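J.: What follows is a single structure, and I will ask about it in a moment.
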Amino acid sequence: MNFYVLTLFPEMIQNAVGTSITGRAIKNGSIRVDTVNIRDFSTRKTMRVDDYPYGGGAGMVMEPEPVFRAVKSVEARIGQKPRVVYMTPQARVLDQTKVESLAQEKDLVILCGHYEGIDERVLQETVTDYISIGDYVLTGGELGALVLIDAVSRFVPGVLSNEESSQFESLQDNLLEYPQYTRPEVWHEQSVPPILLSGDHLKIEEWRHEESLKRTKERRPDLLKNSYRVICVSYGEPGAAENGRLLTESVSRYGEYMDYNRRKLQKTPLRMKPWNLLLLVMPGAGGVGKAFPAEITSASAGVKPAVRYDPSVSFAERFRGLYGSETPAVLVGSDDEIEEASAFLKNRKFHVIARISPAVFGGDQLLRNAALDIREKVLHFH
Numbered sequence: 014m015n016f017y018v019l020t021l022f023p024e025m026i027q028n029a030v031g032t033s034i035t036g037r038a039i040k041n042g043s044i045r046v047d048t049v050n051i052r053d054f055s056t057r058k059t060m061r062v063d064d065y066p067y068g069g070g071a072g073m074v075m076e077p078e079p080v081f082r083a084v085k086s087v088e089a090r091i092g093q094k095p096r097v098v099y100m101t102p103q104a105r106v107l108d109q110t111k112v113e114s115l116a117q118e119k120d121l122v123i124l125c126g127h128y129e130g131i132d133e134r135v136l137q138e139t140v141t142d143y144i145s146i147g148d149y150v151l152t153g154g155e156l157g158a159l160v161l162i163d164a165v166s167r168f169v170p171g172v173l174s175n176e177e178s179s180q181f182e183s184l185q186d187n188l189l190e191y192p193q194y195t196r197p198e199v200w201h202e203q204s205v206p207p208i209l210l211s212g213d214h215l216k217i218e219e220w221r222h223e224e225s226l227k228r229t230k231e232r233r234p235d236l237l238k239n240s241y242r243v244i245c246v247s248y249g250e251p252g253a254a255e256n257g258r259l260l261t262e263s264v265s266r267y268g269e270y271m272d273y274n275r276r277k278l279q280k281t282p283l284r285m286k287p288w289n290l291l292l293l294v295m296p297g298a299g300g301v302g303k304a305f306p307a308e309i310t311s312a313s314a315g316v317k318p319a320v321r322y323d324p325s326v327s328f329a330e331r332f333r334g335l336y337g338s339e340t341p342a343v344l345v346g347s348d349d350e351i352e353e354a355s356a357f358l359k360n361r362k363f364h365v366i367a368r369i370s371p372a373v374f375g376g377d378q379l380l381r382n383a384a385l386d387i388r389e390k391v392l393h394f395h
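Under this note's numbering, the first residue of the sequence shown is numbered 14, with each subsequent residue one higher.
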């Protein structure tokens, strides 16, 4: 991935990115960070790029022409219009979903303002994204740019080693990370929680989720409004359940799995909450992607062994006990399956926020893109 930072202080960027993980990533070619000095595009002999604001007021404002020329110089280098991010406190605060979205780009331009800001006209003409790193004011955009580069780089293949990498980063579920422990087992008369020493990975994940919820409620309750518990409901041949598991794990670290081939579930009332996310995976999603051998069952998805799929059971009969309460839903299946499910779920107080083709299971990047789309839509659901 290529970062182009438009700044008045290029040395500030270069000195910082050359160390730690970003420095190693630059050396191994996973990322490239180039700086563009906006002063080089000044229209004045003095190389000044600022002037007094129209209407009066304190401070100076960066002129539009040098900024415009700097952006155009990057466009000429890469042969296309890139995504241009302007670091400003007058924007939505950066979150993990936005970070992952930006990481999909091959080239990313980051514009750093200074003084009282940049002439509004050039921002309207060149900027695609406005990003803040917090509700406070800095002397310039360089520190924000460094934060953005560090955060985005973590999603670029090859930047993190296997030991550092994890499928899910802290905050990706809009929950704070659970407490972490290492050796020694007892330190200052404080012991590591026994569950972490049990070897029961399912129980450990349950504990971690509970601790994440507890910590988020205590320290960042504002995050909970965008935190959803994914409930993956599947029916059909075993491949549908397995593909549902793959998509769920790409969307969230914490998922619950239900096999609606099971008669008991079909008869049991289930009312999902507004903070649940229904991921409904239908038979049409089972035949795309990996070839699943017959022995694969939904047990691999953390539920009881699958029972045989009975196609004679109608959709309405299968889900007669399923109700929502203004609950978001994502549907995965054939067009006909999705149409039938949409009409049924609408009457049960679900809101379909995404309809996904089985084609997403044809490749890892397609699956990641689908998961990112789901997370973005959930964030804007309320």
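Glycine included, each C-beta is placed from N, C-alpha and C at the ideal position. All of these numbers come straight from a predicted model, not from anything done at the bench.
When the distance is taken between beta carbons, is E129 closer than 8 Å to G72?
T.: Start at 1 with the first residue of the sequence shown, and residue 72 comes out as number 59. Start at 1 with the first residue of the sequence shown, and residue 129 comes out as number 116. The answer is yes: Cβ separation under 8 Å.
J.: Would you identify the three-state DSSP class for R45, choosing helix, strand or coil?
T.: Residue 45 sits at position 32 when you count from the first residue of the sequence shown. Note: R45 maps to strand in three-state DSSP.
J.: Please state whether DSSP places F168 in a helix, a strand or coil.
T.: In the sequence shown, counting from the first residue as 1, residue 168 sits at position 155. Reduced to three states, the DSSP call for F168 is coil.
J.: Restricting to runs no shorter than 4 residues, where is the alpha helix (DSSP H) found entirely within the stretch 82 to 127?
T.: Counting only runs of 4 or more, we get 109 to 115.
J.: Here's the rule: buried if 16 or more other CB atoms are within 10 angstroms of the residue's CB, otherwise exposed. What is A304?
T.: Here residue 304 refers to the residue found at position 291 when the sequence shown is read from its first residue. Residue placement at A304 cannot be trusted, given a pLDDT of 47 that sits under 50; what the coordinates show is reported in the next sentence. Exposed, because fewer than 16 other Cβ atoms sit within 10 Å of the Cβ of A304.
J.: May I have the straight-line CA-CA distance separating L358 from E88, to the nearest angstrom?
T.: Stepping through the sequence shown from its first residue, residue 358 is reached at position 345. Stepping through the sequence shown from its first residue, residue 88 is reached at position 75. The straight-line gap from Cα to Cα measures roughly 46 Å.
J.: Among N41, S338, P206 and G147, which residue has its Cα nearest to the Cα of T12?
T.: Here the chain comprises residues numbered 14 to 395, so residue 12 is not present and cannot be evaluated.
J.: Take the Cβ of K280 as the centre, count every other Cβ of all protein chains shown within 10 Å, and call the residue buried at 16 or more, exposed below.
T.: Against the sequence shown, residue 280 aligns to sequence position 267. K280 is exposed by the Cβ-count criterion.
J.: In the DSSP assignment, what are the bridge partners of H364?
T.: The residue given as residue 364 occupies position 351 in the sequence shown. Paired residue(s): P341.
J.: By Cβ distance below 7 Å, which residues in the same chain neighbour S355 in space, the five residues on each side in sequence not counted?
T.: Position 342 of the sequence shown holds residue 355. Counting only Cβ-Cβ distances below 7 Å, and skipping sequence neighbours, we find L344 and V365.
J.: For D64, does the three-state DSSP call read helix, strand or coil?
T.: As a first step, residue 64 is located in the sequence shown; it is residue number 51 there, counting from the start. The answer is strand: DSSP assigns D64 an E or B state.
J.: When DSSP builds the beta bridges, which residues end up paired with T32?
T.: The residue labelled residue 32 in the question sits at position 19 within the sequence shown. According to DSSP, T32 bridges with nothing at all.
J.: Could you please give the first and the last residue of the uninterrupted beta strand (DSSP E) stretch that includes S247?
T.: The residue given as residue 247 occupies position 234 in the sequence shown. Residues R242 to S247.
J.: Which same chain residues end up closer than 6 Å to E118 when comparing Cβ atoms and leaving out the 5 residues on each side of it in sequence?
T.: For the purposes of this step, residue 118 is taken as residue 105 along the sequence shown, with counting starting at 1. Correct list, in chain order: R96.
J.: Going by beta carbon distance, what residues of the same chain come within less than 8 Å of V150, once the five residues before and after it are set aside?
T.: In the sequence shown, counting from the first residue as 1, residue 150 sits at position 137. Once the five neighbours on either side are set aside, the close Cβ partners of V150 are P102.
J.: Between R368 and I351, which are expected to be in contact by the criterion C-beta below 8 Å, what is the C-beta distance as a whole number of angstroms?
T.: The residue you call residue 368 lines up with position 355 of the sequence shown. The residue you call residue 351 lines up with position 338 of the sequence shown. Indeed, because the Cβ distance is near 5 Å, the residues count as touching under 8 Å.
J.: For E269, report the span of its beta strand (DSSP E) as first-last.
T.: Along the sequence shown, read from residue 1 onward, the residue named residue 269 stands at position 256. Start and end: G268 to D272.
J.: Ignore the nearest five residues each way along the sequence and tell me which others in E250's own chain have a CB closer than 7 Å to its CB.
T.: Within the sequence shown, the letter at position 237 stands for residue 250. Correct list, in chain order: P296, G299 and Y322.
J.: Taking the beta strand (DSSP E) that F16 falls in, what are its first and last residues?
T.: In the sequence shown, the residue the question calls residue 16 occupies position 3. Run containing F16: N15 to T20, per the beta strand (DSSP E) assignment.
J.: How far does the alpha helix (DSSP H) with L292 in it reach, from first residue to last?
T.: The residue you call residue 292 lines up with position 279 of the sequence shown. That residue, L292, is in no alpha helix (DSSP H); its beta strand (DSSP E) goes N289 to V294.
J.: Round the Cβ separation of V264 and A384 to the nearest angstrom and send it over; I've been treating them as touching at under 8 Å.
T.: Locating residue 264 in the sequence shown gives position 251, counting from the first residue. Locating residue 384 in the sequence shown gives position 371, counting from the first residue. Yes, they are in contact, since the Cβ atoms of V264 and A384 sit about 5 Å apart, within 8 Å.
J.: Which residues does DSSP list as the beta-bridge partners of Y143?
T.: Reading the sequence shown from its first residue, position 130 is the one you call residue 143. Paired residue(s): Y99.
J.: Three Cβ pairs or more, each shorter than 8 Å: is that satisfied between the stretch 107 to 126 and the stretch 75 to 92?
T.: Flag = yes, the stretch 107 to 126 and the stretch 75 to 92 touch.
J.: What's the gap between the Cα of K390 and the Cα of R105?
T.: Locating residue 390 in the sequence shown gives position 377, counting from the first residue. Locating residue 105 in the sequence shown gives position 92, counting from the first residue. Approximately 16 Å, taken between the alpha carbons.
J.: Go through its chain and collect everything with a Cβ distance to T139's Cβ below 6 Å, but skip five positions before and after it.
T.: For this step, residue 139 is matched to residue 126 along the sequence shown. V84 and V97.
J.: Can you look up N50 in the DSSP assignment and give me helix, strand or coil?
T.: Numbered from 1 along the sequence shown, position 37 holds the residue referred to as residue 50. Residue state, collapsed to three classes: strand.
J.: Just list the residues that DSSP pairs L335 with in beta bridges.
T.: In the sequence shown, the residue the question calls residue 335 occupies position 322. Answer by DSSP bridge pairing, in chain order: L283.
J.: Along the alpha helix (DSSP H) that carries E353, what are the first and last residues, could you check?
T.: Residue 353 sits at position 340 when you count from the first residue of the sequence shown. From DSSP, the alpha helix (DSSP H) with E353 extends over D348 to K359.
J.: Could you give the DSSP three-state label for D27: helix, strand or coil?
T.: Taking the first residue of the sequence shown as position 1, residue 27 is located at position 14. Here residue 27 is Gln; the residue named in the question, Asp, does not match the sequence. Correct three-state label for Q27: helix.
J.: Expressed to the nearest angstrom, what Euclidean distance is found between the alpha-carbon atoms of R275 and A254?
T.: Here residue 275 is taken as the residue at index 262 of the sequence shown, counted from 1. Here residue 254 is taken as the residue at index 241 of the sequence shown, counted from 1. Answer to the nearest angstrom: the Cα atoms are 13 Å apart.
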